[in-house]
Amino acid sequence: MNYSDIIKPRSTDDFVLTASTVSILKNWENNPAQRSSLLLYGPPGCGKSTCLRVLTRDMDTMHFIATVSLDARDFRANAARFARTVSLQGQSKGLVIDEIDALTEKEQRMVSCILDETSCILVASTNYHRKVYPALKSRCIELDFDPQQLTTPEIAGMLKTNITHALSNNGLVVDDQVVDQCIKEGLPDFRKIGLLMNATL
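Numbering (our numbering) for the sequence shown: 523 to 723.
Okay, structure coming up:
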């Protein structure tokens with residue numbers, strides 16, 4: 523049984539974020555016609571990549587993982603071609619780039635130009651906010667996913683609630699002490715909690 527998958531967030535309510543950030547995400551999600559570009563930033567393991575997938579489920583998207591080796595010319599051509607086409611289903615179009623800081627400055631400038639020239643929006647994540655091209659950041663709502671904005675008890679409590687709910691939805695019962703210990707040992711990397719549960723249970 524893969525607990526990492528079972529406890530993975532399925533909605534914006536399942537992420538450990540400040541109330542103001544959740545409110546922005548929900549408003550973005552519930553108003554497709556008013557969506558603007560988003561840049562999610564924070565340390566590894568805080569849920570950015572998962573949130574990209576949750577947010578863009580109802581969109582026509584092209585997804586790039588920037589840390590995977592990409593031919594620069596192919597990236598530029600594919601991204602530009604995608605952004606300039608019209609969705610046959612009438613959906614919002616989104617260029618989804620995970621770990622966008624891995625793109626060169628030239629590639630980031632190209633993305634910035636695409637946003638200016640088309641109706642396509644960017645939904646991106648980065649571990650290194652300072653490495654994102656300033657003009658690109660200025661075109662996005664920037665959301666801080668760093669859990670350190672919350673206190674440790676707040677983080678642990680939110681995680682415990684979300685994990686218990688996910689387990690219950692799957693008809694599973696796990697000893698509270700085991701869940702508490704996995705949360706304690708896994709923080710601040712949320713991904714490690716699922717891995718610890720896999721190793722323990």
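A virtual CB, placed ideally from N, CA and C, is assigned to each residue, including glycine.
Assuming residue i and residue j form a contact by the criterion Cβ under 8 Å, report the distance between their Cβ atoms to the nearest whole angstrom.
i	j	result
Phe667	Leu539	7 Å
Asn649	Asp623	7 Å
Lys615	Asp582	5 Å
Pro669	Cys568	6 Å
Leu562	Ser647	5 Å
Ile529	Ala688	5 Å
Ser558	Ile643	6 Å
Gln630	Leu665	With a Cβ gap of about 18 Å, Gln630 and Leu665 do not count as contacting.
Leu637	Arg661	5 Å
Thr640	Ala588	The Cβ separation is near 20 Å, so there is no contact.
Would you give the residue range spanned by the alpha helix (DSSP H) that residue i belongs to?
i	result
Thr543	541 to 552
Leu577	570 to 577
Leu658	656 to 659
Along the chain, where does the beta strand (DSSP E) containing residue i start, and where does it finish?
i	result
Lys615	615 to 620
Ala646	643 to 648
According to DSSP, is residue i part of a helix, a strand, or is it coil?
i	result
Ala588	coil
Thr722	helix
Tyr525	helix
Asp582	strand
Ser634	helix
Leu562	strand
Thr534	helix
Leu709	coil
Gln703	helix
Gly612	coil
Leu625	coil
Arg557	coil
Gly716	helix
When you compare the CB positions of residue i and residue j, do they come within less than 8 Å of one another, or not?
i	j	result
Met632	Arg598	yes
Leu717	Val696	no
Leu709	Val645	no
Tyr655	Glu627	yes
Asp536	Asn691	no
Leu574	Val618	yes
Item to check | Contained alpha helix (DSSP H) runs [length at least 4] in the stretch 663 to 698, N- to C-terminal order | outcome: 674 to 691
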